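Line order of the protein sequences matches chains A and B. Residues 222 to 572 (the numbering used here) make up the first sequence, in order. Residues 14 to 612 (the numbering used here) make up the second sequence, in order. Here a beta-carbon is modelled for each residue, glycine too, at the ideal position from N, C-alpha and C. Given the structure is predicted, the values throughout are model-derived calculations rather than measurements.
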Amino acid sequence: MNRKRVIVIGGGIAGMESAANLASMGYDVTLFEKSQELGGHLLGWEKLFPTMRMGKDVVKFLDKGVHLAKVNIVKNSNITNASKNGNLFTVSCGDGAKYESEALVLATGYDIFDAKRKEEYGYGIYDNVITSAELEEIFLSGKPLLTTKGEIPKRVGIVHCVGSRDEKVGNVYCSKVCCVTAVKQSIEIKEKIPDSNVFCFYMDLRMFGMHFETLYKQAQEKHAVNFIRGRLSEACENMDGSLLVKVEDTLAGKPLRMSVDILVLMVGMVPSEGTKKIGTMLGMNFGANGFLKSQDQHTMTSISNIPGAFFAGCCGSPRTINNVFADARSAAMMTASYLEAYDIEERITYI
Amino acid sequence: MKYDPFVIPFCLGAIILAFVLIYKYFSWIFALNKTDKHKILKGIFSVRIFKAIKEVFLESLLHRKVFRVNPMLGYMHMSLAFGWLLLILGGTIESKVHSLKMFNTPYEPIFFKFFNHDISMFSGAEEFKFVMDLLLLFVLSGVSLAFIKRFYSKLFGMKKTTKLKIGDWMALTALWFIFPLRFFAESFTSGIYHNGGFLTGTAGNFFASFLPLENLTYIAWWAYSIALGAFFIALPFSRYMHIFTEVVLIFLRNFGIKSTKEYNSFSEFEIHSCSRCGICLDKCQLLTAARIKDTQAVYFLQSIRYNNLKEGKAFDCMLCGKCQEFCPVAIDLNNIRISKRMEFASGNNNFDYLIPKIEKTAPIIYFAGCMTHLTPTIKIAMESIFKESKTDYLFLDKDGGICCGRPLMLAGEILNAQKLIEKNVKLIKELGAKTLVTSCPICLKVFKEDYELDIEIVHHTQFILKLAEAGKIKLNKSDLNVVYHDPCELGRGSGIYDEPRTLINKVGNLKSISQEKELSLCCGSSLAGIQLNSVQKELVRIDTLKALEKNNPDCILTACPLCKKTLAKDSSIDVKDISELVWNGITESKIVELTQNSN
Ligand code: SF4
Ligand code: SF4
Ligand code: SF4
């Protein structure tokens, strides 16, 4: 019997998990990944909030999933065309190979906000301004956190909402994960450099997930991290390479300036180039913020405007890892039900 | 005396018009402040009056500036204004020559053909006939253009948001009828008495062949007189008020009276001088890019006139100055807009907590401005250039200074702005510097206009150019193809177009673009566009970028931190301040030097 085929594009958490689920249901699944390794952004995170378990454990779990279910994996893929002709999806790659399938899942994820676009924070201009992703890289490498002069920082500033909730850069949405990442990273800094002072500058703290609030309490009580409510207006460099930050403390109601040795920017999520490229090739709808748009926000999640094309993970909106897992499995479920001719659209009773 | 009751509507209208105008103009002049009144007195008896007369002729009659922007529109305005005046003059001369009297009734020239059937008696009568008919044709062509324009521009969706007021309708309708009716009245008369020229004479013969002219002629003269009377009465309550007001405005301006940021009776002259030519519509990016259809100068002035200005209309304009640049009446639209914003201002803030502290001083002070602090690359480039040129300078707002006051000014918060200005003026005067350099055109404008400092105030592009010309820095010409975005406050706002360009040509290859200098577009983030939402700003920004990116330059240069920051948001091409390119060039040449020395 000819098995029905599914193409999954994007080898991060969402792509791997939906591919594993679909393949385990018996479909012939091909997973495309543009880099040489599966795992996506997760490969760059050392420990995960809120439990501090290792990111690579989760990668292992995902790897096992695709291998046990015998997903076909195409790495280093460079997709040059993706389209739907009749009932078939066709994907062509740069090396000339062509793939066909009856259904498709897009899991092209997010890109990290380019902090240079927020010039007033000095990323790319001042040496000691880094992003949360770079801090994670340092943690992952096992090296100590040092200033560019090689000194142990005494004061570290953490800026929330960089590239999120900011009309000035054109991103009005919340990236969801950065508040709790800031809490997690501030604890890690304190654990590594106990006599340092860490300051988080936030607009409001969004501790929405289970155990996030506990982690936040812990940061305050156990690690004495300072949380200052107020948006950073600008940073400039002092003679010694430290950074002078200007912020309005909106709780105390007065402007505040202080020096920090390292400034970490909590960069948000933006729709990835891959999502834009392949979503456009397929003719998928995008929402106002540039992420993919589902047929209905509440009831038709993962279901795109193209019959047979579904999407999972952060190409639809910023999500935490556990939410991506749930979403990936849901997208797999929707894809399977489509292939078994279940017509969910029939249930729509509203316009 | 020649008289017939049909002249009554005309005479009545003319008398009422004269009274209303005299009343209005005198009360406005009376309300001017002492110095301005003094200027009028002095001006009347000076040579300025001749300059004024010349300008009235060129602008109010020939409409030279309208011509320059739009020849069709210019012709329309000219044929109506100048043509009509010539008709009146021609008629006056004709009637005087005919009656050989110095004084005759004032309506006689207007209704000359009614009262004088046999005009072939005096010498030159044929020539007069010809000239008068030609003039009538000239005016009629203008009327038909006005007619076409009304419906043509409607087709294109312009002017549809302003409803004409009753006064406008009356005047407009009357105006459309005046000249056709004159044409009919004169033709009919000529059909009976053969006293017409090539136009009315021919038409008269033609009408006589099938119309009962004996009955119609008198009716036509009545109708003509009524149309004139109606137009005169409606005029002060309509847009046509501009015909006379502009003349007075030109005189006042030539006497040296200027608009201020406060609304006064000179502003009344200005707003009543708007002819609603609509030139300001197409120039406004809020219309062409952001699709805001009710805020352009013409609508704004209209709403002031009719006392229904809404807060939104006062606060969404970017004060980019483009409409003002092209307004043929040269109305100071930005000042009027600011003066109206003042009426919504909240007033009185306390800035006592701002205590400036500066210990040392230097001959040159640098004021980066708050926007420059948000674009640190500009700040770094400037500090490096100062050091490289060994300039003895003081960075006045290094740790954050007092705001220059321009943002408050643009918001109409003049009182509050004044307080900040006072603080800064005191500080700068104490420093006793010779030159004030700023990186921000917004600061530059307020320093120059409202600070009354008697030191040199320059933008950093001007300063860098001077450094280069004095050999204090060595510029390095790159082979980059660049385009330049004129910041509104630097270009149209302060008239600085050339120095930035000269400087750019020393560091790169400047390519010209279609919308530059006076024509340049606004980045969209102007601090004045207080009520614009982010989508509207984006539409303007994208519109501007489209013009800049057109020929795919290597780099887009500008000379304003706010423009830079704004354009960089959506540009696929590098956006830099000129100072950055200058500094890049200097560092590069240093690297080259170093490597050559080490070889
Ligand atoms: S999660 Fe927190 S830091 Fe991130 S965008 Fe939302 S509010 Fe800002
Ligand atoms: S403001 Fe100036 S340009 Fe605009 S309609 Fe009036 S006269 Fe014309
Ligand atoms: S100043 Fe600029 S934005 Fe304002 S009305 Fe004139 S053209 Fe439009």
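Roughly how many whole angstroms lie between the Cα atoms of residue i and residue j?
{"i": "V60(B)", "j": "T273(B)", "result": "25 Å"}
{"i": "S298(A)", "j": "E502(B)", "result": "50 Å"}
{"i": "I106(B)", "j": "L86(B)", "result": "30 Å"}
{"i": "L71(B)", "j": "K78(B)", "result": "9 Å"}
{"i": "A549(A)", "j": "K405(A)", "result": "25 Å"}
{"i": "A430(B)", "j": "L575(B)", "result": "20 Å"}
{"i": "G542(B)", "j": "Q549(B)", "result": "10 Å"}
{"i": "K173(B)", "j": "I377(B)", "result": "Because K173(B) sits at a pLDDT of 40, beneath the cut-off of 50, its placement in the model cannot be relied upon, and the point is left open."}
{"i": "F282(B)", "j": "E259(B)", "result": "8 Å"}
{"i": "T570(A)", "j": "E340(A)", "result": "48 Å"}
According to DSSP, what are the bridge partners of residue i?
{"i": "H498(B)", "result": "T571(B)"}
{"i": "D332(A)", "result": "V491(A)"}
{"i": "G529(A)", "result": "Note: G529(A) sits in no beta bridge, so no partner."}
{"i": "D470(A)", "result": "K475(A)"}
{"i": "N293(A)", "result": "T251(A)"}
{"i": "I239(B)", "result": "Partner(s): none; I239(B) has no beta bridge."}
{"i": "E469(B)", "result": "T448(B)"}
{"i": "K305(A)", "result": "F310(A)"}
Taking residue i as the reference, give the member of the options with the closest Cα.
{"i": "G261(A)", "options": "A240(A), P271(A) and A235(A)", "result": "A235(A)"}
{"i": "F264(B)", "options": "I569(B), Y237(B) and K52(B)", "result": "K52(B)"}
{"i": "Y237(B)", "options": "F460(B), S538(B), F32(B) and K126(B)", "result": "K126(B)"}
{"i": "M431(A)", "options": "S454(A), K285(A), N544(A) and P476(A)", "result": "N544(A)"}
{"i": "D511(B)", "options": "L478(B), P341(B), I256(B) and D181(B)", "result": "L478(B)"}
{"i": "D567(B)", "options": "T608(B), V495(B) and D499(B)", "result": "V495(B)"}
{"i": "I486(B)", "options": "M422(B), R350(B), I398(B) and D307(B)", "result": "I398(B)"}
{"i": "G315(A)", "options": "A303(A), N349(A) and G307(A)", "result": "A303(A)"}
{"i": "I379(A)", "options": "K389(A), A354(A) and F420(A)", "result": "F420(A)"}
{"i": "V152(B)", "options": "D181(B), E199(B), A94(B) and N117(B)", "result": "A94(B)"}
Cβ-heavy atom distance between residue i and ligand 2 below 7 Å?
{"i": "G291(B)", "result": "yes"}
{"i": "S288(B)", "result": "yes"}
{"i": "V342(B)", "result": "yes"}
{"i": "F339(B)", "result": "yes"}
{"i": "L346(B)", "result": "yes"}
{"i": "C453(B)", "result": "no"}
{"i": "C314(A)", "result": "no"}
{"i": "C336(B)", "result": "yes"}
Looking only at its chain, what residues have a beta carbon closer than 7 Å to the beta carbon of residue i, apart from the 5 residues adjacent to it on each side?
{"i": "Y563(A)", "result": "none"}
{"i": "F360(A)", "result": "E267 and E409"}
{"i": "S527(B)", "result": "A560"}
{"i": "L168(B)", "result": "Here L168(B) scores only 44 on pLDDT, less than 50, and its place in the model should not be relied on; the value that follows carries that caveat. Answer for L168(B): no residue qualifies."}
{"i": "A290(A)", "result": "A241, A244 and S245"}
{"i": "G170(B)", "result": "Annotation note: pLDDT 41 at G170(B) (below 50); position unreliable, coordinate value reported separately. The answer is none, since no qualifying residue turns up."}
Note down, in chain order, each residue of its chain lying with its Cβ closer than 6 Å to the Cβ of residue i, except the 5 sequence neighbours on either side.
{"i": "S463(A)", "result": "S480 and D482"}
{"i": "P122(B)", "result": "G104, T105 and S108"}
{"i": "Q257(A)", "result": "K296 and N297"}
{"i": "K277(A)", "result": "none"}
{"i": "R226(A)", "result": "D249, S322 and E323"}
{"i": "M331(B)", "result": "C535, S539, A541 and G542"}
For residue i, verify whether its CB is less than 7 Å away from any heavy atom of ligand 1.
{"i": "K397(A)", "result": "yes"}
{"i": "H262(A)", "result": "no"}
{"i": "H381(A)", "result": "yes"}
{"i": "S316(B)", "result": "no"}
{"i": "C457(A)", "result": "no"}
{"i": "S385(A)", "result": "yes"}
{"i": "M487(A)", "result": "yes"}
{"i": "R338(A)", "result": "no"}
{"i": "R452(A)", "result": "no"}
{"i": "C535(A)", "result": "no"}
Leaving aside the five residues before and after residue i along the sequence, list all residues of the same chain whose C-beta is less than 8 Å from its C-beta, in chain order.
{"i": "V417(A)", "result": "For the sequence presented, residue 417(A) should be read as Ser rather than Val. Counting only Cβ-Cβ distances below 8 Å, and skipping sequence neighbours, we find I373, P374, K375, R376, V377, I410 and K411."}
Under the criterion of a Cβ to heavy atom distance below 7 Å, does residue i qualify as lining ligand 3?
{"i": "A310(B)", "result": "yes"}
{"i": "V331(B)", "result": "The displayed chain sequence assigns Met, not Val, to residue 331(B). For ligand 3, at least one heavy atom lies less than 7 Å from the Cβ of M331(B)."}
{"i": "L299(B)", "result": "yes"}
{"i": "K296(B)", "result": "yes"}
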